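Peer 1: Questions regarding the structure given below will be posed in turn.
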Amino acid sequence: MQYPKHLIIPRYTTNTGYRQCLRQIFKMNTENYPALIQQLEEELGDDFDKETRDEIEYDEESAGLMMQYIRNCTKTLPIFHRLYEMAAARFLSRDHEIGVAILYAYEYLPLFHKCLCIFFNNENALTEETQEYKDLVEMLN
């Protein structure tokens, strides 16, 4: 597995745009969606609107694998520990797995993705003085 370190995510202004970015970053398998949607529609006896369909089209397995990969690559680095703990604190936790998940939230995703791209392109390039890192820390404060 590799992080999509060359992926430039567009500035999104909608939930749909945000979810599309997540699908690209997590390399979600779009073939998993139709069966799930059909099953839910049959169980609930209703056709989903476009927004609901978009919300359901989420591949948990791909997301989990990518977040675990990120944790494995960064678990020994204090610079990431700080981010994970600050993010987890938003939910009264110190759990780094929760922190990683929170950093993929709507408002944090663009900066967290940039920090990861910097790191995965050159492990020594991301420092506490890197502007994207400083901006993300400021958002988390």
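Quick note: the working numbering has the sequence shown finishing at residue 1235, numbered continuously throughout.
Virtual Cβ for every residue (Gly too), placed ideally from N, Cα, C.
In this text, all values refer to a predicted model and were calculated from it rather than measured experimentally.
#1: For the alpha helix (DSSP H) containing Asn1216, list its first residue and its last residue.
#2: What are the boundary residues of the alpha helix (DSSP H) that includes Ser1156?
#3: In the DSSP assignment, the alpha helix (DSSP H) including Lys1228 goes from what residue to what residue?
#4: Which whole-angstrom value describes the C-beta separation of Ala1182 and His1190, a residue pair presumed to lie in contact below a C-beta threshold of 8 Å?
#5: Here's the rule: buried if 16 or more other CB atoms are within 10 angstroms of the residue's CB, otherwise exposed. What is Phe1185?
#6: Measure the alpha-carbon distance for Lys1099 versus Ile1164 and round it to whole angstroms.
#7: What residue does the alpha helix (DSSP H) around Tyr1112 start on, and which one ends it?
Peer 2: Working from what's here:
#1: Position 122 of the sequence shown holds residue 1216. For Asn1216, there is no enclosing alpha helix (DSSP H), since its DSSP letter is neither H nor E.
#2: Position 62 of the sequence shown, counted from the start, is the residue given in the question as residue 1156. Bounds of the alpha helix (DSSP H) holding Ser1156 are Glu1154 to Thr1168.
#3: By one-based count along the sequence shown, residue 1228 stands at place 134. Gln1225 to Leu1234 is the span of the alpha helix (DSSP H), which, as asked, contains Lys1228.
#4: Start at 1 with the first residue of the sequence shown, and residue 1182 comes out as number 88. Start at 1 with the first residue of the sequence shown, and residue 1190 comes out as number 96. Their Cβ separation, rounded to whole angstroms, is 7 Å, which keeps Ala1182 and His1190 in contact under 8 Å.
#5: Along the sequence shown, one-based indexing puts residue 1185 at 91. With fewer than 16 other CB atoms across the displayed protein chains lying within 10 angstroms of its CB, Phe1185 is exposed.
#6: Within the sequence shown, the letter at position 5 stands for residue 1099. Within the sequence shown, the letter at position 70 stands for residue 1164. Distance between the alpha carbons of Lys1099 and Ile1164: 12 Å.
#7: Taking the sequence shown and counting its residues from 1, the one referred to as residue 1112 is at position 18. Counting along the chain, the unbroken alpha helix (DSSP H) around Tyr1112 starts and ends at Asn1109 to Ile1119.
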